[in-house]
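>
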Amino acid sequence: GLLLVALLVSNMLLTKEGVTSLPICPNGSINCQVSLEELFDRAVKLSHYIHSLSSEMFNEFDERYAQGRGFIAKAVNGCHTSSLTTPEDKEQAQQIHHEDLLNLVLGVLRSWNDPLIHLASEVQRIKEAPETILWKAVEIEEQNKRLLEGMERIVGRLHFGDIGNDISSQWEGLPSLQLADEDSRLFAFYNLLHCLRRDSHKIDNYLKLLKCRLIHDNNC
Amino acid sequence: MKQGFVSSLQIILQLALTTTGLTGQSYPGKPTIIKCRSLEKETFSCWWKPGSDGGLPTNYTLFYSKDSEEKVYECPDYQASGPNSCYFDKNHTNPWRTYIITVMATNEIGSNSSDPQYVDVTSIVQPDAPVNLSLETKTSASITYLWAKWSPPPLADVSSNSHVYHYELRLKPEEKEEWETISVGVQTHYKVTGPQAGVKYVVQVRCMLDIGEWSEWSSERHIQIPNGGSPPEKPTIIKCRSPEKETFTCWWKPASDGGHPTNHTLLYSKEGEEKVYECPDYKTAGPNSCYFDKKHTSFWTIYNITVRATNEMGSNVSDPHYVDVTYIVQPDPPVNITLELKKSVNRKPYLVLTWSPPPLADVRSGWLTLEYELRLKPEEGEEWETIFVGQQTQCKMFSLNPGKRYIVQIHCKPDHHGSWSEWSPEMYIQIPTDFRVKDMVVWIIVGVLSSLICLIMSWTMILKGYRMMAFILPPVPGPKIKGVDTHLLETGKSEELLSALGCHGFPPTSDCEELLIEYLEVEDSEDQQLMPSHDTPSKNTKMIPKETDSDSGRGSCDSPSLLSEKCRESRALPSALQTQDVRAVQENPGAKRSRETQCTASEQNTLLFNSETAKSSTWPAAQLPNNHLPMFAYHSTVEAHKIVLSTTNVNVSPVLVGNEEKHQSQYPIIETVHDNMEKQREIENSKTDQTTVQVKQNRHSDKPPFLNPKLMDYVEVHKVRQDEEPTVLLKHKENNRKTEKYTVPGTSKEYTKVSTVVDHNILVLMPDSRIQHTPVSQEPAMETSQNVQQGQAEKNMSYCLTFPSNCKREPSGSEYMDPSSFMPSFK
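Residue numbers (the numbering used here), protein chains in the order written: chain A, 20 to 239; chain B, 566 to 1392.
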């Protein structure tokens, strides 16, 4: 636990502050800003971190609440973000234009704003929810916002004519997180965490791909 | 009459032969009646074989007569039974009569007749073979049997269907010669029990009416009896793996096949789709596997995969396997591993490892990110050293043992999920033996050995300390305190002071020790004298059991070696704490931390409030019995100690502070009984407490000019007081708030500097900041000072103070201590 927190703190320091490599500004330059590479570095670190968190959270939940309930078989009904058509394999991901891919990332991130807020509050009500899960829910919510900001920054830097035009997918799962029946409620959480793990991995994967494509010219 | 008919025919034939002989053509040859047969006693047929036709078209005519009848009839039906046959239907068949049948062949030239055939219908009955024989194997109660079914022979006359046939069935394994014939009875089915599993059988049936002959055997039917004969068991999907995060393969393990050739089919459906697909490729990845190529591989989608095993007995489906390809990536091991030895600037060799990601993995696009881990060990070593190197593809290894051969392996794993690849093949590298390094090793060994010797020596010195030192360096008697120059004291130069005090000798001398003993005796006697003079003598005296001496802290103090050992051991406790202490004491007593701070604070408090009610409550009541636990003392004064040592507090020898009774008793007596030498922590702790208390006592003793037993540890003070009634105060320069403050002396261990002299009878000493100090003898009057410092820093021994009588853990290096410092504690 302590170690994790320590890791986290160091990670956050790295991601937030970017202490390691501040951009060197030309003297008196007005346009002194973080380089695109640096932005991508931070975004990738953050998305990596978010996915690690959500992955751990899912595993903890799965271990604690989902054993023997056959949730996985029911979870094939998809996630609220499945309406966003995202690349499903490497070729698709490579063929899609980077602007579109970035917009998709933004869309997925936005689609999670709402559910993450509710997740962070509703997860408190799970019976005997361990501190680690509660903490991660809050942390993911915060970091997701942060990543969204960062991605908007990156998209802005790339000078798209049309920024994002608000693709996102509405989440309507709140009632299911508040169901009286414990089994159904736990399944709703399971499914949400499962989707969170998946989408955070998508984002992480796309960002790593984009970074290699845009910064390193496909030669990471 | 019959004879006449035959002979007349012969005459005609003779004529015909003679005529044809002339033209080359002749009358037909004699036909032969082959057989006559009745299928069911109600009709019958006869067949004949034509003779030569004599070169001309020949007609055949069958004539028959019945016994006891003259009339000759011609065949009623030449068609029904085929060519060269005659069918006698029901109306022309009489089972009670014998038929006489001849066949006559006729052409233009003449005719010829067969031999007559006598036919009794009942005796020529032979049915046709049964038809529609069918076989199957059936299993009931895990016993397999062979089930045969057939139909009776068909009859031309459908209306006559009421015949009862008897059947026989014969069977044999295909490859054998001998048939096994089974009488079936009148049923048209039969159950053959106990066929051999795995054998192919041939089966035939025949039938018979109640009279007549058996029919021909029916046509052969073949059947394979299954082995065991059950559907296959559930196959198991072992695992699915994607080697490069682009395609994946699933493997399954077939279960028992139930004795039949079994087919496996892999079916899958994808998340959100109803449709079930079959495996796109069973071949690429080998037997019992299914390969999903790029087109069939989606990520972030759950595949629901099942495997169905099917044989002729049935089928069985595996448990579903849910796969999200994202989580099953297991790359191949890294390749192109190179090991290279390089030399650094200081000529120490180091190992540079480089490698490449597995060829299948496309890490350049960023689609897949790999992390690496390597492990190495000396060839003969047991344990691997594993090093996680993250995403880099090279690594430098330092501090490898020269002359050893190392084995190195690397494996890799995707950044989030998936699993480690296999380890790469073992790579070997020989670290060359470096002479320089060897020399270094020798030197290191020498160094270690010599320092060991030093340690041992210093150890013995600690144990035998005084005597040895005394033996080597005889002591120099110090001057009396009367000789101290007050001006010298005021200027505060410790060396001068020291020289003035006269204990030049370092280390302490045997004289000093003798003096100590003397002193102790004196002190004891003084004790006796003093006790009665206390305000609360009854209580206090009670609290000084003499017999505790032997095992008590006092006993310890009496024996310097013992004491030093104790102090040293206790010092060895929390070394971190100690160093903090040292620093704090040295640099800023006002901001001391941990024990020291606590002590100081409580001392200050004590001094400030000086036995007020509130204060006294924080101290153990004087009325407390002797065995009362020192926890009381810890409560208020030394919280840090309490925290550290609370668990052992129970065993701590009692510390008695005989101070209470509001303002009355100014002479608390501390009794520390140590039952056990091993309880160094407790000792240490009690001592600290005592320090605190002691300080207070000293404070008290300022005012009333009592002879406080506590002060006797300060022999010089004691002495001085005897003459002039002074006391010794410890004062920190930095401490502005308090007028007086007794501090546990820090690193320098001695308050050798005289800061100032106040009121003519208060000597204010200051700690000397110098760490390595020359021995100090502070007891010129009694000549018993044992405030000795050992300058050997590496010994790092505990130091026990002369000052307010505590055995404080002293981090820096004296192995000697002033026994007198303990005296108050144990009184």
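Positions of the beta carbon are idealized from the N, C-alpha and C atoms, including for glycine.
Just so we're clear, the structure is a prediction, and the values are computed from it rather than from any experiment.
Using Cβ-Cβ distances below 9 Å, what residues of the region 973-984 of chain B are close to chain A?
Asp980, His981 and His982
> Enumerate in chain order the residues of its own chain whose CB-to-CB distance from B/Glu781 is below 7 Å, with the five nearest sequence positions on each side excluded.
Ala694 and Arg771
> Hey, is B/Asp1100's beta-carbon within less than 8 Å of any beta-carbon in chain A?
Confidence is the limiting factor: at B/Asp1100 the pLDDT is only 45, short of 50, which leaves the residue's position unreliable and the question unanswerable from this model.
> Using a cut-off of 8 Å between C-beta atoms, extract the partners of A/His220 located in chain B.
Trp865, Thr891, His981 and His982
> Hey, does B/Val888 have any beta-carbon neighbour from chain A nearer than 8 Å?
no
> Where do the ends of the beta strand (DSSP E) carrying A/Lys230 lie?
Not the beta strand (DSSP E): A/Lys230 falls in the alpha helix (DSSP H), residues Glu201 to Leu233.
> Give the DSSP-derived three-state secondary structure of A/Thr104 in the structure shown.
coil
> For chain B, find out if any of its Cβ atoms is closer than 8 Å to the Cβ of A/Asp108; answer yes or no.
yes
> So, at 8 Å on beta carbons, what are the nonlocal neighbours of B/Thr623 in its own chain, with the 5 sequence-adjacent residues on each side left out?
Excluding sequence neighbours, B/Thr623 sits near Pro593, Pro615, Ala670, Thr671 and Asn672.
> Take A/Lys146 as the anchor and find which of A/Leu211, A/Asp202 and A/Trp190 has the nearest alpha-carbon.
Of the listed residues, the one whose Cα sits closest to A/Lys146 is A/Asp202.
> Considering only the beta carbon of each residue, do B/Leu734 and B/Tyr755 sit closer than 8 Å?
yes
> Could you list which residues in chain B have their beta carbon closer than 9 Å to that of A/Leu228, in chain order?
Residues of chain B passing the Cβ test: Ser930, Gly931 and Trp932.
> Roughly how many angstroms separate the alpha carbons of B/Arg970 and B/Glu991, rounded to a whole number?
12 Å
> Answer with yes or no whether the minimum CB distance from B/Lys1029 to chain A is below 8 Å.
For B/Lys1029, the answer is no, since every Cβ of chain A falls outside 8 Å of its Cβ.
> For B/Thr862, which residues in chain A fall below 7 Å Cβ to Cβ?
Under the 7 Å cutoff, chain A gives Asp108.
> Nearest to B/Lys804 by alpha carbon, out of B/Ser617, B/Ile689 and B/Tyr892?
B/Tyr892
> Give every residue of the same chain whose Cβ lies closer than 7 Å to the Cβ of A/Cys239, excluding the five residues on either side of it in the sequence, and list them in chain order.
Cys231
> Does any C-beta atom of chain A lie closer than 8 Å to the C-beta of B/Gly955?
no
> Excluding the five sequence neighbours on either side, which residues of its own chain have a C-beta within less than 8 Å of the C-beta of A/Asn237, listed in chain order?
Cys231
> Hey, does A/Arg83 have any beta-carbon neighbour from chain B nearer than 8 Å?
no
> Does the beta-carbon of B/Ser1135 have 16 or more other beta-carbons within 10 angstroms, so that it is buried, or is it exposed?
Low per-residue confidence applies at B/Ser1135: pLDDT is 43, beneath 50, and the placement is therefore not dependable enough to give any value.
> Out of B/Lys818, B/Asp889 and B/Pro660, which one is the CA nearest neighbour of A/Asp218?
Closest by alpha carbon: B/Asp889.
> I'd like to know if B/Glu936 contacts chain A, where contact means its C-beta is closer than 8 Å to some C-beta of that chain.
no
> Look up B/Asp685 in the DSSP assignment and give the residues it is bridged to.
B/Thr663
> Assuming contact is defined by CB atoms lying nearer than 8 Å, are A/Leu167 and A/Leu212 in contact in what I supplied?
no
> Taking the continuous alpha helix (DSSP H) assigned at A/Asp133, which residues delimit it?
Counting along the chain, A/Asp133 sits inside the alpha helix (DSSP H) bounded by residues His117 to Glu141.
> Within 8 Å (strictly less), CB to CB, does A/Ala139 reach chain B?
no
> My assumption, with CB atoms under 8 Å, is that B/Val764 sits in contact with B/Leu831. Please give the rounded CB distance.
No, B/Val764 and B/Leu831 are not in contact; Cβ-Cβ is about 33 Å, not under 8 Å.
> Is the Cβ of B/Glu839 closer than 8 Å to any Cβ of chain A?
no
> What residues of chain B sit near A/Ala112, judged by a beta carbon separation below 8 Å?
Trp932
> On a Cα-Cα basis, can you pick out the residue from B/Gln761, B/Asp927, B/Glu743 and B/Pro681 that is closest to B/Gln769?
B/Glu743
> Leaving out five residues before and five after A/Ala148 in sequence, what residues of the same chain have Cβ atoms less than 7 Å from its Cβ?
Val142
> Under 6 Å Cβ to Cβ from A/Leu226, same chain only, skipping five residues before and after it: list those, please.
Ala62, Val63 and Ser66
> In the DSSP assignment, what are the bridge partners of B/His754?
B/Lys714
> Taking the C-alpha atoms as reference points, what is the distance between A/Glu56 and B/Leu933?
19 Å
> What three-state label does DSSP hand A/Glu82 in the structure shown?
helix
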